[in-house]
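Residue 132 in the working numbering sits at position 37 of the sequence shown; the count goes up by one each step and never skips. See below for the structure under consideration.
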Amino acid sequence: MFSSRLSFADSTNALSKAKERRRIAGLPIIDMADSNPANAGFVWSLTELSALLRREGIQRQIPEAHGLPSARTALVDYYLARGVRLTEDRIFLTASTSEGYAWLFKLLCNPGDEVLVPEPAYPLLEVIAALEGVVIRPYRLVQLAGEWVIDPSSLTASRQTRAILCINPSNPTGAFVGRRDRDLLRGFALKNSLAIICDEVFLDYVAEGVISPGTWAGENQIAHFVLSGLSKVALTPQLKVGWIVVSGPRDTVQESCRRLEHIADAFLSVNTPAQLALPDLLRRAGSMRSAINARVKQNEMTLKNWAEQSGHGCTVLHRPAGWMGVLALPSGVAEERFLLNSLEEGVWAHPGYFYGMPTTIPSVILSLLLNPLQFNEGLKGLERALKRS
Ligand SMILES: Cc1ncc(COP(=O)(O)O)c(C=O)c1O
């Protein structure tokens with residue numbers, strides 16, 4: 096009776112089972128994987144948010160496939176402030192970045208077609224692709240002098256390949272898609288007639304001292320789609336607004352937009368109050384983003400000091416951007432065994448393999464958003480688990 100798109104739902108793993116057992120037993124867990132900003136205290140005040148959402152226009156729907164013009168104009172300004180001039184007609188609002196992916200897979204792929212995805216990367220991509228009947232084919236990011244870059248030998252296309260996906264900057268490594276890799280992807284896409292999908296939800300969370308290569312919106316040689324959304328840009332995942340920026344040669348852009356309009360029109364999934372509030376949310380989100388950057392920096396410093404002092408041989412990988420810390424475990428410590436021990440010590444975190452981290456770097460992925468006291472407590476649990484591992 097059921098579609099095989101959901102076959103991934105049948106797999107469980109030892110870690111999730113152990114977590115569930117602990118939850119059912121009512122034992123406490125410090126969730127060091129939690130990257131929901133509200134859980135870490137980053138919420139808009141009720142007064143401010145209610146005022147932004149309660150305004151003229153919320154009583155009716157304007158069936159505009161692209162999304163409301165006022166919201167798209169605000170996004171044009173957002174990109175202008177980041178050095179790229181766009182026009183409103185190349186922007187589509189979606190209910191989230193994840194929905195943006197789903198629409199682009201509908202636009203570009205037939206069931207069974209492939210998209211190339213970076214590895215390591217955010218694991219939700221696999222799920223969204225499966226739900227759209229799309230197959231993912233990984234290409235490898237490797238560490239070269241401390242930076243993550245594409246391994247060109249892993250970049251291969253078949254007759255079924257339709258698009259290459261990249262994440263600028265990546266979750267969990269925080270690595271940007273730099274100039275060398277943009278050239279590589281552009282050349283590969285041109286040669287194989289592929290589109291490029293570039294996820295930029297963490298673009299504005301650049302670590303101190305790092306020079307960001309900036310947005311890749313506005314590319315003009317190939318069919319190109321940038322994805323982002325308010326969940327990270329304005330710390331409001333609950334408002335459910337994302338967007339797609341369409342770029343590329345003029346004919347391709349026109350045809351992409353014409354087809355995307357049909358997809359958007361079939362769902363009209365973006366809620367009106369959030370669209371109306373978007374210009375103000377974007378204008379005021381800067382201070383929240385600064386607060387997040389400060390928190391992430393503080394926890395990263397704590398993590399680095401802990402790794403240095405613990406004497407177990409853990410190291411913290413360089414983080415150019417984003418909210419996550421990658422803790423490389425000492426060689427010989429297995430991710431899963433270590434995290435099962437951590438759970439017994441009351442700490443949950445994600446193993447690197449959830450994100451397709453190379454097996455040569457056994458690692459644990461930690462959210463750097465946590466309240467610092469909780470983060471410290473979590474590290475104490477990891478310390479005890481390390482001693483046992
Ligand atoms: C790289 C990346 N892209 C997209 C998303 C999903 O964003 P949204 O909440 O807008 O669907 C996430 C969520 O954490 C993410 O890490």
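All residues carry an ideal CB built from backbone N, CA and C; glycine is no exception. The model shown is predicted, which means the values in this text are computed figures rather than measured ones.
Distance between residue j and residue i (C-alpha atoms, nearest Å)
| i | j | result |
| --- | --- | --- |
| Ser-405 | Val-411 | 12 Å |
| Glu-159 | Ser-326 | 22 Å |
| Ile-77 | Gly-121 | Absent from the structure is residue 77, since the part of the chain shown begins at 96 and ends at 484. |
| Trp-311 | Arg-116 | 44 Å |
| Val-98 | Leu-226 | With the sequence shown as reference, residue 98 is identified as Ser, and Val is not the correct amino acid for it. Looking at the two C-alpha atoms, the distance is approximately 9 Å. |
| Val-336 | Ala-284 | 29 Å |
| Leu-289 | Ala-197 | 17 Å |
| Val-210 | Thr-142 | 43 Å |
| Gly-313 | Leu-175 | 11 Å |
| Leu-481 | Ala-380 | 39 Å |
| Gly-473 | Ser-106 | 28 Å |
| Tyr-450 | Ser-265 | 11 Å |
| Pro-233 | Ser-145 | 43 Å |
| Asn-131 | Arg-277 | 30 Å |
| Ile-125 | Val-301 | 26 Å |
| Ile-186 | Ala-135 | 31 Å |
| His-413 | Tyr-217 | 18 Å |
| Arg-149 | Leu-464 | 30 Å |
| Lys-475 | Lys-114 | 18 Å |
| Leu-280 | Phe-103 | 29 Å |
| Cys-261 | Ser-249 | 14 Å |
| Asn-466 | Phe-433 | 23 Å |
| Ala-372 | His-161 | 16 Å |
| Trp-443 | Pro-123 | 10 Å |
| Gln-316 | Arg-354 | 20 Å |
Residue i: CB within 8 Å of a non-hydrogen atom of ligand 1
| i | result |
| --- | --- |
| Ile-460 | no |
| Asp-278 | no |
| Glu-214 | no |
| Tyr-217 | yes |
| Glu-194 | yes |
| Asn-266 | yes |
| Phe-103 | no |
| Gly-337 | yes |
| Ile-262 | yes |
| Lys-201 | no |
| Pro-332 | yes |
| Phe-271 | no |
| Asp-294 | yes |
| Gly-447 | no |
| Lys-114 | no |
| Gly-241 | no |
| Ser-307 | no |
| Leu-465 | no |
Best match in the options for proximity to residue i [C-alpha to C-alpha]
| i | options | result |
| --- | --- | --- |
| Val-428 | Met-419, His-445, His-407, Glu-439 | His-407 |
| Pro-453 | Asn-400, Ile-153, Ser-426 | Ser-426 |
| Thr-189 | Gly-207, Leu-163, Thr-182, Leu-239 | Leu-163 |
| Ala-240 | Ala-270, Arg-180, Glu-143, Ser-265 | Ala-270 |
| Glu-439 | Phe-97, Leu-110, Ser-102, Asp-105 | Leu-110 |
| Ser-484 | Glu-431, Asn-134, Arg-177 | Glu-431 |
| Ala-329 | Val-296, Ala-361, Pro-267 | Val-296 |
| Val-229 | Leu-199, Asp-246, Ile-245 | Leu-199 |
| Leu-203 | Phe-433, Ile-292, Pro-215 | Ile-292 |
| Ser-253 | Ile-245, Arg-281, Gly-207, Leu-220 | Gly-207 |
| Val-272 | Arg-257, Trp-418, Gly-304, Val-237 | Val-237 |
| Pro-247 | Gln-370, Arg-235, Ala-258, Arg-353 | Arg-235 |
| Ser-458 | Gly-441, Cys-409, Ala-133 | Cys-409 |
| Met-396 | Ser-382, Gly-420, Asp-375 | Gly-420 |
| Pro-374 | Pro-123, Asn-108, Ser-140, Ala-166 | Ala-166 |
| Val-212 | Ala-258, Glu-151, Ser-140 | Ala-258 |
| Lys-399 | Val-179, Ile-153, Met-96, Asn-471 | Asn-471 |
| Pro-215 | Ile-245, Phe-362, Leu-170 | Ile-245 |
| Gln-435 | Asn-108, Arg-100, Met-96 | Here residue 435 turns out to be Leu, not Gln, going by the sequence shown. Answer by Cα proximity: Asn-108. |
Per-residue burial, residue i [other beta carbons within 10 Å of its own, 16 or more giving buried]
| i | result |
| --- | --- |
| Asp-294 | buried |
| Lys-286 | exposed |
| His-357 | exposed |
| Met-41 | Summary: the structure shown does not reach residue 41, with the chain confined to residues 96 through 484, and so no result is reported for it. |
| Gln-393 | exposed |
| Leu-390 | Note that residue 390 is Arg in the sequence shown, not Leu. Buried: at least 16 other Cβ atoms inside 10 Å. |
| Gln-333 | exposed |
| Gly-455 | Note that residue 455 corresponds to Thr in the displayed sequence, not to Gly. It is exposed - the Cβ of Thr-455 has fewer than 16 other Cβ atoms within 10 Å. |
| Arg-275 | exposed |
| Arg-118 | exposed |
| Ser-351 | buried |
| Gln-156 | exposed |
| Gln-370 | buried |
| Ile-306 | exposed |
| Phe-320 | buried |
| Glu-403 | exposed |
| Thr-367 | buried |
| Asp-346 | exposed |
| Leu-468 | exposed |
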